[in-house]
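Visitor:
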Amino acid sequence: MSKNFFEIKNVTFSIGGKNKVNDVNIFIKNEGDIICILGPSGIGKTTMLRTIAGLERINKGEIILKDKVLSSDKIHIEPEKRNIALSFQENSLFPHYSVDKNIHLGVKKNSPTNKNIDSKEIIKILNIEDILDKYPHQISAGEAQRASLARSLISQPDLLLLDEPLSNVDQSFKEDIQVALKQMLNKNKITTIVVTHDSYEAFYLGNKCALILDNEVKQFDDPYNVYHFPNSVEVVNFLNRGILLPAKVTGGNSLENDDLGIIRGKFIKHYPTGSSVQLLLQPEDLEHDDDSNLKLEVVDRKFRGTNFIYTLKTPSNRLIPVAVHSHHWEQHEVNEKFGIKRPIELEHIVCF
Amino acid sequence: MLKNLNIWFIFSLLISLTVIIPILTVFSSFFENTSNYFEILKNTFLFEYTLNSICLLVSVLILTFIIGTGSAYLVSFYEFPLSNFFKWALILSFAVPPYIYAYSLTAFFENYGTAYTILKNLFGEANYNTHIPKFDGMLGSILSISFSLFGYVYILTRASFLYQSQHLIDLGKNLGFTNLKSFYSIILPSARPAIVAGLSLVAMETLAEFGAVDFFSINTLTTGIYNSWIAFDDLAFANQLSFFLLLFIFALFIIENLSRKKAKYHFNARGGFKRKEKLKLNKSKSLFAFIFCFLIFFLSFLFPLSQMLYWTIKFPENLLDLDVINLFLNTIYLVFLSSIILILFSLISNYGNRVSNNKILNIFSTLSISGYAIPGVILAVAFITFIAWFDENIIKTLGFLSIKKIFFGSILGLVLVYFIRFYSLAFNGIKSGYEKINIYVDESAYLLGYSKRKTFMNIHVPFLRNSLLFVGILISLEIIRELPITLILRPFNFETFATTAYISASEDLLEAAAVPSLFLILIAALFIMITSKYILRDNNE
Numbered sequence: 030m031s032k033n034f035f036e037i038k039n040v041t042f043s044i045g046g047k048n049k050v051n052d053v054n055i056f057i058k059n060e061g062d063i064i065c066i067l068g069p070s071g072i073g074k075t076t077m078l079r080t081i082a083g084l085e086r087i088n089k090g091e092i093i094l095k096d097k098v099l100s101s102d103k104i105h106i107e108p109e110k111r112n113i114a115l116s117f118q119e120n121s122l123f124p125h126y127s128v129d130k131n132i133h134l135g136v137k138k139n140s141p142t143n144k145n146i147d148s149k150e151i152i153k154i155l156n157i158e159d160i161l162d163k164y165p166h167q168i169s170a171g172e173a174q175r176a177s178l179a180r181s182l183i184s185q186p187d188l189l190l191l192d193e194p195l196s197n198v199d200q201s202f203k204e205d206i207q208v209a210l211k212q213m214l215n216k217n218k219i220t221t222i223v224v225t226h227d228s229y230e231a232f233y234l235g236n237k238c239a240l241i242l243d244n245e246v247k248q249f250d251d252p253y254n255v256y257h258f259p260n261s262v263e264v265v266n267f268l269n270r271g272i273l274l275p276a277k278v279t280g281g282n283s284l285e286n287d288d289l290g291i292i293r294g295k296f297i298k299h300y301p302t303g304s305s306v307q308l309l310l311q312p313e314d315l316e317h318d319d320d321s322n323l324k325l326e327v328v329d330r331k332f333r334g335t336n337f338i339y340t341l342k343t344p345s346n347r348l349i350p351v352a353v354h355s356h357h358w359e360q361h362e363v364n365e366k367f368g369i370k371r372p373i374e375l376e377h378i379v380c381f
Numbered sequence: 004m005l006k007n008l009n010i011w012f013i014f015s016l017l018i019s020l021t022v023i024i025p026i027l028t029v030f031s032s033f034f035e036n037t038s039n040y041f042e043i044l045k046n047t048f049l050f051e052y053t054l055n056s057i058c059l060l061v062s063v064l065i066l067t068f069i070i071g072t073g074s075a076y077l078v079s080f081y082e083f084p085l086s087n088f089f090k091w092a093l094i095l096s097f098a099v100p101p102y103i104y105a106y107s108l109t110a111f112f113e114n115y116g117t118a119y120t121i122l123k124n125l126f127g128e129a130n131y132n133t134h135i136p137k138f139d140g141m142l143g144s145i146l147s148i149s150f151s152l153f154g155y156v157y158i159l160t161r162a163s164f165l166y167q168s169q170h171l172i173d174l175g176k177n178l179g180f181t182n183l184k185s186f187y188s189i190i191l192p193s194a195r196p197a198i199v200a201g202l203s204l205v206a207m208e209t210l211a212e213f214g215a216v217d218f219f220s221i222n223t224l225t226t227g228i229y230n231s232w233i234a235f236d237d238l239a240f241a242n243q244l245s246f247f248l249l250l251f252i253f254a255l256f257i258i259e260n261l262s263r264k265k266a267k268y269h270f271n272a273r274g275g276f277k278r279k280e281k282l283k284l285n286k287s288k289s290l291f292a293f294i295f296c297f298l299i300f301f302l303s304f305l306f307p308l309s310q311m312l313y314w315t316i317k318f319p320e321n322l323l324d325l326d327v328i329n330l331f332l333n334t335i336y337l338v339f340l341s342s343i344i345l346i347l348f349s350l351i352s353n354y355g356n357r358v359s360n361n362k363i364l365n366i367f368s369t370l371s372i373s374g375y376a377i378p379g380v381i382l383a384v385a386f387i388t389f390i391a392w393f394d395e396n397i398i399k400t401l402g403f404l405s406i407k408k409i410f411f412g413s414i415l416g417l418v419l420v421y422f423i424r425f426y427s428l429a430f431n432g433i434k435s436g437y438e439k440i441n442i443y444v445d446e447s448a449y450l451l452g453y454s455k456r457k458t459f460m461n462i463h464v465p466f467l468r469n470s471l472l473f474v475g476i477l478i479s480l481e482i483i484r485e486l487p488i489t490l491i492l493r494p495f496n497f498e499t500f501a502t503t504a505y506i507s508a509s510e511d512l513l514e515a516a517a518v519p520s521l522f523l524i525l526i527a528a529l530f531i532m533i534t535s536k537y538i539l540r541d542n543n544e
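Residue numbers (the working numbering), protein chains in the order written: chain G, 30 to 381; chain X, 4 to 544.
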């Protein structure tokens, strides 16, 4: 079995004597991979990054990078000796240097890595060419964040840690930067851990995602699985991309809900016939069909560009989200009836 | 604690301990027996001493707040005739110590004084003395101290006003506030830490003030300390009074801290700072602003300067009698040596506190900066007491030669006590500079491969350059004007302008005191003028 490029083994992350995330086991298999740490604010994601960077110590477990133990209860390699870059969410630019000087302070002579990172390319991609001569107090929070990101990238780290890297960046070019950032990280094989509370950002950037909930890693898996096969109710609730409906297992590949009737599909986990479960229903699971005899009342409709997300009320007053393509020929207004195609067949059935 | 044990921590702890020793001496002597003087004082004058001190303190604080904040507000937010001149001219008040201001007040308003001479020359001989107000006693002390010290409030408040973003002002306008309402509900509260810092300095200086209060024969706790030591040779009681003064200062700090709760006032450097535009005032308001600032400038600087100049010209023989070059060299020597040592050690101590983030060190540092609250006279005595005890009980026991000669009546001893006295000024000044560097800056430096030493030298020191200069100037001005410590601990035949002025004034030779006073004012003013751009520099430039 080959060794992992980076690994966190049984580490409890704490700050100020208070445990934030317990008994964490996550890893990065290959150099250049990106993992995302996802979780609500204040859960300890930043503490994890600070600890990996060496700014906080650990009392339990091990943090290993390129076969070298960086942190354990006995070992603590100082941050300046780790070759790990951390791009803070807060403005961390040196206030008395221009943006240009700040960025180029990241250039390390005799860097231990041999990545040919082109600083000009980074500056261009991050769209900070026009602010190079300015000082940190003269630029916006978003610009400061991008400058800080550029400095981290230019430092050619073995491991790059990004703390909500685009939280202050304008929505208009957030997606462009996400794409360019991912390409740049992949091209230069920069191994990266991204902390974010934005699940879309995590799903796009990460080869794998670690979900931190209730002081522990609830799920560490690739983005597709995290979304489609959440392993707990907490993950479902955090992602907020579906609802849980009560249902009764009626066979090896079917269950029944009082409002929707029989639902067929492949169970990802076995449940005995007759058992009561909570079925995960995501917006794309149900199909629109006004010819169907199963009709539910529209209580809300959100335009999401490519989709409309309808919120439908069942006879038992449960609210179900249903996604419909925005070019779909027949849309409905609030209070109208919305038909659901029957029989309901799901790709896979996730229950709890 | 052990995790944070590094060279910076140890060095900071040692510095704090050095400064704390005389303070602990004051505290420990609280439990010692005192002579009968204590009983006499307790039954008679203690109430008067305390009342006078409180009266002086409250009056000075009110006056310095009004003058300091008012002038800082006008020059920071408005354009009016000579507003740019007043911006730096108002800090010239620092050049005039309270005791010289007191000499000037007396010289001008006394019977047959300068005011009388002016009236006589203008309107002929008459009995003007009964019509000329007398600014002596408590009123004289309040005015002398206030006009000499309001600069602390002015400088710190103005700096805080400069850091206020235009966004704050715009927010006020957006909420429909008038200029006045914006001032007291937005501008003033967000400058509160700076105002409080300025007033704290004023409070400590006022409680420690000796020269002016002694000159006007006002009995305060400080003169009580001096009398109990000089007249009754009761060092323990002098220390007890100092202890009482310290409690007073601590109580003020605690009240202020509690009232602040967890509110934060500093500018969060996340970008987006927008520089303020100065507003042009209309004619009448502009005239008012001009008169207000000119009056303060005149009363705080021009008035004492011209009074001293007048006497120097009137009695030129005093100038010829004075060894000006020697006094100048002595004064400058003390200033440079002390400033460099204070800045260097305070900088290291601040950095040690920052990187160690250790509660014990924080407590020691907080205690060590209380040296500023102890009157110079008692600090000097506490220092003598401690060295004598240390020499007797440690040095001689170990069989070494006495160290008294190294510290008593020597430059080393003098500089060491200056260090203890002004450590607070240096430490806090640099600390406020440090507060503008958020901790992520340090951490970013580490992550870029900078060691702690390199972060200190390459990131902090260049950024703090202005703060260091500012602190250096404040210390220099304090030392140029310092009186009691220099009087007690200076080497034999080593005089400065301040000691020469005091000795002449205490011998009732105010005319002779005018010459060294004038030189003191001029040197201090020159110092301020040369470096005013650093004192007043807007860090966003």
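Even for Gly, the Cβ is constructed at its ideal location relative to N, Cα and C.
1) Taking only three categories from DSSP, how would you classify I104 (chain G)?
2) Mapping the DSSP letters down to three states, classify P275 (chain G) as helix, strand or coil.
3) Are the segment 248-258 of chain G and the segment 90-109 of chain G touching by the rule of at least three beta carbon pairs closer than 8 Å?
4) At a cut of 8 Å, does the segment 151-170 of chain G reach the segment 120-127 of chain G through at least three beta carbon pairs?
5) Who are the neighbours of G135 (chain G) on chain X, taking C-beta pairs under 7 Å?
6) Residues of chain X with CB closer than 8 Å to the CB of F123 (chain G), please, in chain order.
7) Between X:Y76, X:Y104 and X:I363, which lies nearest to E212 (chain X) when the distance is taken from Cα to Cα?
8) Check the C-beta distance from N51 (chain G) over to T41 (chain G) and give it rounded, since I have them as a contact under 8 Å.
9) Can you check DSSP and say which residues form a bridge with L94 (chain G)?
10) Hey, R270 (chain G) and E374 (chain G): beta-carbon distance below 9 Å or not?
11) Look at the alpha carbon of S261 (chain G) and the alpha carbon of D129 (chain G), and state the distance between them as a whole number of angstroms.
12) Extract the residue ranges of the alpha helix (DSSP H) inside the segment 444-471 of chain X, only unbroken runs of 4 or more that lie entirely within it.
13) When burial is assigned at 16 or more other CB atoms within 10 Å of the CB, is P312 (chain G) buried or exposed?
14) Compare the C-beta of I87 (chain G) against all C-beta atoms of chain X and say whether one is closer than 9 Å.
15) Do the CB positions of P307 (chain X) and I524 (chain X) come within less than 9 Å of each other?
16) Are the segment 98-117 of chain X and the segment 75-89 of chain X touching, with three or more C-beta to C-beta distances below 8 Å?
17) Which residues in the same chain have their Cβ closer than 7 Å to the Cβ of A179 (chain G), if we skip the five residues on either side of it in sequence?
18) Can you name the residues that DSSP bridges to Q248 (chain G)?
19) Under 7 Å between beta-carbons, which chain G residues line up against N356 (chain X)? List them in chain order, please.
20) If K74 (chain G) and I66 (chain G) are in contact, beta carbons under 8 Å, what's the gap, nearest whole angstrom?
21) Measure the alpha-carbon distance for S196 (chain G) versus L134 (chain G) and round it to whole angstroms.
22) According to DSSP, is K47 (chain G) part of a helix, a strand, or is it coil?
23) Given a limit of 7 Å on CB to CB distance, which residues of the segment 185-214 of chain G reach chain X?
24) Helix or strand or just coil, what does DSSP make of Y354 (chain X)?
25) Which partner residues does Q307 (chain G) have in the DSSP bridge list?
26) I want to see whether chain G comes within less than 9 Å of N441 (chain X), judged by CB atoms only; does it?
27) Can you tell me which of the three DSSP states E82 (chain X) falls into?
28) With a CB to CB cut of under 6 Å and the five nearest residues on each side skipped, what residues in its chain are close to E208 (chain X)?
29) Assuming L93 (chain X) and Y157 (chain X) form a contact by the criterion Cβ under 8 Å, report the distance between their Cβ atoms to the nearest whole angstrom.
30) Around the C-beta of G68 (chain G), are 16 or more other C-beta atoms found within 10 angstroms, so that it is buried, or is it exposed?
31) Taking 8 Å as the threshold, find out whether the segment 81-98 of chain G comes into contact with the segment 411-423 of chain X through three or more Cβ pairs.
32) Would I240 (chain G) and F258 (chain G) be called neighbours here (beta carbons separated by less than 9 Å)?
33) The segment 96-117 of chain G: which residues have C-beta closer than 9 Å to a C-beta of chain X, in chain order?
34) Closest to S345 (chain G) by CA distance: which of G:G83, G:K95 and G:D287 is it?
35) What are the boundary residues of the alpha helix (DSSP H) that T614 (chain X) is part of?
Guide: This is what the structure gives:
1) DSSP, read as helix, strand or coil, puts I104 (chain G) in coil.
2) P275 (chain G): strand per DSSP, three-state reduction.
3) Contact check between the segment 248-258 of chain G and the segment 90-109 of chain G: fewer than three CB pairs, one atom from each, fall below 8 Å, which does not count as touching.
4) The segment 151-170 of chain G and the segment 120-127 of chain G touch, with no fewer than 3 CB-CB distances between them shorter than 8 Å.
5) Those are L451, listed as they occur along chain X.
6) Within 8 Å Cβ-Cβ: V444, S447, A448, I462 and F466.
7) Selected option, being the one with the closest Cα: X:Y104.
8) Rounded to the nearest angstrom, the Cβ distance from N51 (chain G) to T41 (chain G) is 5 Å, consistent with a contact under 8 Å.
9) In the DSSP output, where bridge partners are listed per residue, L94 (chain G) has G:F35 and G:K97.
10) Not closer than 9 Å, so no.
11) One C-alpha to the other measures close to 46 Å.
12) Contiguous alpha helix (DSSP H) elements confined to the segment 444-471 of chain X do not occur, taking only those with 4 or more residues.
13) With 16 or more other CB atoms across the displayed protein chains lying within 10 angstroms of its CB, P312 (chain G) is buried.
14) Closer than 9 Å: no.
15) Contact annotation: P307 (chain X) and I524 (chain X) have beta-carbon atoms nearer than 9 Å.
16) Counting Cβ pairs under 8 Å, fewer than three are found: no touch.
17) The beta carbon of A179 (chain G) is closer than 7 Å to those of I132, I151, I152, L155 and I157 in its chain, skipping five residues each way along the sequence.
18) DSSP lists G:L240 as partners of Q248 (chain G).
19) Chain-ordered listing is empty here: chain G has no CB closer than 7 Å to the CB of N356 (chain X), the nearest sitting near 17 Å.
20) Rounded, the Cβ-Cβ distance is 5 Å, consistent with contact.
21) Cα-Cα distance, rounded: 24 Å.
22) It is a strand residue.
23) Among the residues of the segment 185-214 of chain G, none has a Cβ less than 7 Å away from any Cβ of chain X.
24) In the three-state DSSP reduction, Y354 (chain X) falls in the helix class (H, G or I).
25) Here Q307 (chain G) is bridged, per DSSP, to G:P275.
26) It does; some Cβ of chain G falls within 9 Å.
27) Strand, per DSSP.
28) For E208 (chain X), where only same-chain residues beyond five positions count, the Cβ hits under 6 Å are L152.
29) Between Y157 (chain X) and L93 (chain X) the Cβ distance is about 6 Å, and since that is below 8 Å, they are a contact.
30) Here G68 (chain G) is buried, its C-beta having at least 16 other C-beta atoms within 10 Å.
31) Cβ pair count under 8 Å is below three, so no.
32) In the sequence on display, residue 240 (chain G) carries Leu and not Ile. Contact flag unset, no.
33) Under the 9 Å Cβ criterion, the segment 96-117 of chain G contributes H105, E107, P108, E109, K110, R111, N112, I113, A114, L115, S116 and F117.
34) Ranking the options by Cα distance to S345 (chain G), first place goes to G:D287.
35) Only positions 4 to 544 of chain X appear in this structure, which leaves residue 614 (chain X) out of reach.
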